[in-house]
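Okay, structure first, notes after.
Chains as they are written, first to last, in this note's numbering: chain E, 1 to 228; chain Z, 229 to 380.
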């Protein structure tokens, strides 16, 4: 039998779970009484938003690990990969949120706290990636990246608690420590968990692939520097 | 930059590099300072209108009419049966309440689907005029935080 790499396993799991959750979401999970069919966007919107938010915290954590032991580029390469994929997921969350907001709220966008903070986090990712690409020295690059990621990671819990802290248009949390009990229908919750698992596998698959690529990039950059 | 060969050349090279970094650092500090001041000024100016996303009906009545060119948001529930449309136009008038106080509002344009849902909270963007009428430019419907299965 052919050898299957870890990344391929993530790919296969992500594929299986995605297909299953698609079926569950559209054929088994009930339609929402107020929002109707547009509520199905929820199963894309929430997992991608959570992964995009968690990602910046992971980037900050990995950056600290790198700063503690900067001999090892592993942590920085991993942090960079999480940042890139996290930004993609947050972008999907923002776009799907906008598409949902038009039928549900009546507007494509409004400057309410949760949305504004999420856009701010998106800009943190942009800042992180832009700044790193402008710097020539890897050590400095990682150091300044770590600062941006650390500041940005404060935003993640703020986004989660935004509906609690300020008046907003966004509905309150339906999962996690701030969730109201019974905020989500049981079958909807199960469908959500399934799609969350599917997107998590996809996320890990992207990150692991990007990480292997990034490792090679870093090694190549170092060789070029040595040659010069 | 070419690689320095002798010791003297190396010193020269280092000096050049240091002065290069130094002048650029000053530029960077100035740029950051300008940016921080600009953002700070904007934030300070925006604070009054942005510290809350919307006012309640009672609050907007206390604050009174909006000054020219200013936009505010007010949130409340639609009073059932208060909705009226001027015939053959897109002008609508309705009353919002926060439970105790009420405000008369008018809106020109499209009304979102969930506007008439009894669970919805309505946020209006617009001006509160001298005649105590809220002239809405945008309607945002805040839907309930609960997702409930429809019976069908």
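We treat Cβ as the ideally placed atom computed from N, Cα and C, and that holds for glycine.
Exercise. For a contact meaning CB atoms closer than 8 Å, what does residue 377 of chain Z contact in chain E?
Worked result: 30, 31, 32, 33, 185, 187 and 188
Exercise. Relative to the C-alpha of residue 86 of chain E, which residue among E:30, E:218, E:212 and E:149 is closest?
Worked result: E:149
Problem set entry | DSSP state of residue 252 of chain Z mapped onto helix, strand, coil | Residue state, collapsed to three classes: helix.
For this session: Please list, in chain order, all residues of the same chain as residue 284 of chain Z whose beta carbon is under 6 Å from its beta carbon, the five residues on each side excluded.
Result: 326
Problem set entry | Min CB distance residue 48 of chain E to chain A below 9 Å | Although the question refers to chain A, the structure presented lacks it and instead comprises the protein chains E and Z.
Problem set entry | contact_flag[the region 100–110 of chain E, the region 155–162 of chain E] where n(CB pairs < 8 Å) is 3 or more | no
Exercise. Closest Cβ-Cβ distance between residue 341 of chain Z and chain E: below 9 Å?
Worked result: yes
Exercise. DSSP three-state call for residue 347 of chain Z: helix, strand or coil?
Worked result: Per DSSP, reduced to three states, the secondary structure at residue 347 of chain Z is coil, with no helix or strand assignment.
Problem set entry | Range of the contiguous beta strand (DSSP E) that encloses residue 333 of chain Z | 330–336
For this session: Spell out whether any CB of chain E is found under 9 Å from the CB atom of residue 347 of chain Z.
Result: For residue 347 of chain Z, the answer is yes, since a Cβ of chain E falls inside 9 Å of its Cβ.
Exercise. Between the region 22–36 of chain E and the region 134–141 of chain E, do three or more beta carbon pairs fall short of 8 Å?
Worked result: no
Exercise. Based on the DSSP secondary-structure assignment, which residues constitute the bridge partners of residue 77 of chain E?
Worked result: DSSP output for residue 77 of chain E lists no bridge partner at all.
For this session: Output the distance between the C-alpha atoms of residue 211 of chain E and residue 81 of chain E, rounded to the nearest integer angstrom.
Result: 5 Å
Problem set entry | Cross-chain neighbours of residue 157 of chain E in chain Z, by beta carbon under 8 Å | Neighbours of residue 157 of chain E on chain Z: none; closest Cβ ~19 Å, over 8 Å.
For this session: Entirely within the region 131–157 of chain E and at least 4 residues each: give me those alpha helix (DSSP H) ranges in chain order.
Result: 138–153
Exercise. Going by beta carbon distance, what residues of the same chain come within less than 7 Å of residue 37 of chain E, once the five residues before and after it are set aside?
Worked result: 31
Exercise. For residue 110 of chain E, which residues in chain Z fall below 7 Å Cβ to Cβ?
Worked result: 368
Exercise. Closest Cβ-Cβ distance between residue 207 of chain E and chain Z: below 9 Å?
Worked result: no
Exercise. Among the residues of its own chain, which have a CB less than 6 Å from the CB of residue 331 of chain Z, if the five just before and after it don't count?
Worked result: Leaving aside the five residues that flank residue 331 of chain Z on each side, the residues in its chain whose CB is nearer than 6 Å to its CB run, in chain order, 285, 324 and 362.
For this session: Rounded to whole angstroms, what's the CA-CA distance from residue 218 of chain E to residue 226 of chain E? Just pull it up for me.
Result: 12 Å
For this session: Answer yes or no: does any C-beta atom of chain E fall closer than 9 Å to that of residue 255 of chain Z?
Result: no
Problem set entry | Beta-carbon proximity list for residue 21 of chain E, same chain, < 6 Å, skipping 5 on both sides | 194, 195 and 198
Exercise. Does the beta carbon of residue 374 of chain Z sit closer than 9 Å to a beta carbon anywhere in chain E?
Worked result: yes
Exercise. Nearest to residue 298 of chain Z by CA position, among Z:353, Z:379 and Z:374, is which residue?
Worked result: Out of Z:353, Z:379 and Z:374, the CA that lies nearest to the CA of residue 298 of chain Z is found in Z:353.
Exercise. Which term fits residue 73 of chain E, buried or exposed, when burial requires 16 or more other beta carbons within 10 angstroms of its beta carbon?
Worked result: buried
Exercise. So is residue 39 of chain E buried or exposed if we call it buried at 16+ other beta carbons inside 10 Å?
Worked result: buried
For this session: Report whether the distance from the Cβ of residue 360 of chain Z to the nearest heavy atom of the ligand ZN is below 8 Å.
Result: Absence of the ligand ZN is noted for the structure shown, with no ligands found whatsoever.
Exercise. Do we get a CB-CB distance below 9 Å when we pair residue 385 of chain Z with the residues of chain E?
Worked result: Because chain Z is modelled from 229 through 380, residue 385 of chain Z falls outside the range shown and cannot be assessed.
For this session: Quick one: using the 10 Å Cβ neighbour count with 16 as the cut-off for buried, is residue 112 of chain E buried or exposed?
Result: buried
Problem set entry | Sequence-distant residues of its chain with Cβ nearer than 7 Å to residue 310 of chain Z (five each side left out) | 322 and 323
Problem set entry | Neighbouring residues, chain Z, relative to residue 180 of chain E (Cβ below 8 Å) | 373 and 374
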